[in-house]
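Take 1 as the starting number for the sequence shown in our numbering and just add one per residue.
In this text, a Cβ means the ideal position worked out from N, Cα and C, and glycines have one as well.
Here the structure is a predicted model, which means the values were calculated and not measured.
All remarks here apply to the structure that follows.
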Amino acid sequence: MAEETKAITEERRPDPNEKLVKVFDSEQESEALVVKGLLDSAGIENDLQSGSFLQDAFPGLGGMIILVREEDAERARQVIAESQGGTAGDDDETQG
Numbered sequence: 001m002a003e004e005t006k007a008i009t010e011e012r013r014p015d016p017n018e019k020l021v022k023v024f025d026s027e028q029e030s031e032a033l034v035v036k037g038l039l040d041s042a043g044i045e046n047d048l049q050s051g052s053f054l055q056d057a058f059p060g061l062g063g064m065i066i067l068v069r070e071e072d073a074e075r076a077r078q079v080i081a082e083s084q085g086g087t088a089g090d091d092d093e094t095q096g
């Protein structure tokens, strides 16, 4: 049993050289935590980070950002869009 747990842990260890992609950002920590929970529920490993480190270089920016592995980015964006009642990219499209 302990060997199975060790094997699973080794499989899930992140590669320090893998590329992470921002899939969500928000000024509201509570909103970011909800999205993190959605991604966790979907089985998408993610990292919630404070964007406040950007304040020194870019005043006015900050909040929270969610990063995922590059290969999970499309699926993560789809999960987020479905939770908001739309599809990925709807915010960028203008319909006249």
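Inset, instruction - Have a look at ALA81 and ASN46 and give me their C-alpha separation to the nearest angstrom. - result: Here the question's residue 81 lines up with position 81 in the sequence shown. Here the question's residue 46 lines up with position 46 in the sequence shown. ALA81 and ASN46: Cα-Cα distance of roughly 16 angstroms.
Legend entry - Extent of the continuous beta strand (DSSP E) to which ASP25 belongs: As a position in the sequence shown, residue 25 is number 25, starting the count at 1. From DSSP, the beta strand (DSSP E) with ASP25 extends over 20 to 26.
Inset, instruction - Can you give me the Cβ contacts of ALA76 inside the same chain, cut-off strictly under 6 angstroms, excluding the 5 residues immediately before and after it? - result: What you label residue 76 is simply residue 76 of the sequence shown in a count that begins at 1. Closer than 6 angstroms at Cβ, skipping near neighbours: VAL23, LEU39, ILE44 and VAL68.
Inset, instruction - Determine the burial state of ASP15: buried for a count of at least 16 other Cβ atoms within 10 Å of its Cβ, exposed for fewer. - result: Your numbering for residue 15 matches position 15 in the sequence shown. Counting Cβ neighbours within 10 Å, ASP15 comes out exposed, since fewer than 16 surround it.
Inset, instruction - Report yes if the CB atom of ALA32 is closer than 8 angstroms to the CB atom of VAL79, and no otherwise. - result: Taking the first residue of the sequence shown as 1, we reach residue 32 at position 32. Taking the first residue of the sequence shown as 1, we reach residue 79 at position 79. No; because the gap between Cβ atoms is not below 8 angstroms, this pair is not in contact.
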